[in-house]
Structure formats: structure tokens, C-alpha cells
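Numbering (this note's numbering), first residue to last: 996 to 1206.
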């Protein structure tokens, strides 16, 4: 585990902190679709993502999901940090977007390391900043972009996360994450296909134009 830690976090953390993470952290592998965190759950450990991608979702009053942001290699989740430090229930759901490898850090170490290691403190503050910017971007997309623009931006973001022009998602799954109806998504996807921006397949979408 120490080699993967150095590869992903060696540029951020000093050797002493990397060694502590290696000693107390628990390595975890999860498959695509695995729920790492559920709404209402108490969090006992904080994830450091070393491979794969995780999507962070929030429920509305009707139980519909809204995609907030993605976590990629080298990230952690600010919402998890908040729940860990405040010993509060999670208000988000975390689901593996791709097969992922994580190191789970016991929550009791988080406050200790914040005082002990400047690099950890900087990492936590930067993580808060990054996730805040991503949530503001999500708010901007909902408030200012038309649904077709939101859909295209979503498809390109999914393509970037998967490092592939082929997106393995159904129209219903996309509708859930964009907080709209399957009928609307299907209609807009057909328009994008007609404009030669995407190609629709059964349960997958090929992005033909990235710009």
C-alpha cells in the first residue's frame, strides 16, 4: 500500500505522514455501482481515492437524486470530512462510478493530523475549496444552462472521468443524475445524435465531438 500512497500522495504529504497513513489506513477495493456511503449514515472513516472515480449524489424531498460532483484519483470528499469531524449523519450518497481503490482513514486521526502535519491541513482546506467550487458549478448549471447544455456538459464530464468516448449509461440513469425525466433525456439525446455530436447505442452513448 505504501507504494500506491507515494505514487498518488507523495507530492502532497511528507514521508512521516505517508507512513502513518500506511499503518492505520485500511485498503479497500470496490466495484462500479458499489455504495460507499448512504444518506443518514454515520461516517467512521474518511476515504482517500487512489484509483477509479466516485460520484457524489444528493436526494431531494421526493427521493430523486441530483449529481453534485465526481471524485477522482488523489481526491477526498469534503462532505465526508464534515461528517467525520462533526460526528453527524451523511447528507449525501457516494457511489463508485468506476471500479475503485481507496484507503480508509479512521476519523480519530483526522483532527490529530490537522494539528500535527501542515501538509494534511493544507490538503483538507484545498479539498473543501475544490468541492465547494464543484458544487457552485453544479448550481450554475442548474440555474443558468438549458437542459440540452447541461446534458452535453454531463456527457463530456462522464467521458473525461472514464477516459473514454463511450459512456455506459441508460437514459433513465442519466435522467436520475440530472434530476429530470427519461423522456426529456431521450428527446435531447436524439437531437444530439441528429446533429452528429453523439451516437446512440443500446445502454451506451458514443461521443463523436468533444469540443
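The beta carbon of each residue, even a glycine, is placed where N, CA and C say it ideally should be.
{"Check": "Roughly how many angstroms lie between the CA atoms of residue 1147 and residue 1010, to the nearest whole one?", "Outcome": "42 angstroms"}
{"Check": "Whose C-beta lies closer than 7 angstroms to the C-beta of residue 1109 among residues of the same chain, with five residues either side of it excluded?", "Outcome": "1115, 1116 and 1119"}
{"Check": "Suppose the cutoff is 6 angstroms on Cβ atoms and the five residues either side in sequence are ignored; what does the same chain contact list for residue 1020 look like?", "Outcome": "1098 and 1100"}
{"Check": "Going along the chain, which unbroken runs of the beta strand (DSSP E) with 3 or more residues stay wholly within the region 1081–1168?", "Outcome": "1088–1091 and 1095–1101"}
{"Check": "Quick one, which of 1178, 1059 and 1123 has its alpha-carbon nearest residue 1142's?", "Outcome": "1178"}
{"Check": "When you compare the region 1056–1072 with the region 1123–1133, are there three or more beta-carbon pairs, one atom per stretch, that lie closer than 8 angstroms?", "Outcome": "yes"}
{"Check": "What residue range is occupied by the uninterrupted alpha helix (DSSP H) comprising residue 1011?", "Outcome": "1010–1019"}
{"Check": "Are there 16 or more other CB atoms within 10 angstroms of the CB of residue 1191, so buried, or fewer, so exposed?", "Outcome": "exposed"}
{"Check": "Closest by CA to residue 1049, which one among 1121, 1034 and 1070?", "Outcome": "1070"}
{"Check": "What's the gap between the Cα of residue 1043 and the Cα of residue 1012?", "Outcome": "13 angstroms"}
{"Check": "Roughly how far, in whole angstroms, is the beta-carbon of residue 1032 from the beta-carbon of residue 1088, given that I think they are within contact range, below 8 angstroms?", "Outcome": "6 angstroms"}
{"Check": "So residue 1035 and residue 1091 are supposed to be a Cβ contact under 8 angstroms. How far apart are they, rounded?", "Outcome": "So it is not a contact: roughly 19 angstroms between Cβ atoms."}
{"Check": "Report the three-state DSSP secondary structure of residue 1043 (helix, strand or coil).", "Outcome": "strand"}
{"Check": "Under DSSP, the beta strand (DSSP E) around residue 1064 begins and ends at which residues?", "Outcome": "1060–1066"}
{"Check": "Out of 1005, 1175, 1039 and 1145, which has the shortest C-alpha to C-alpha gap to residue 1104?", "Outcome": "1039"}
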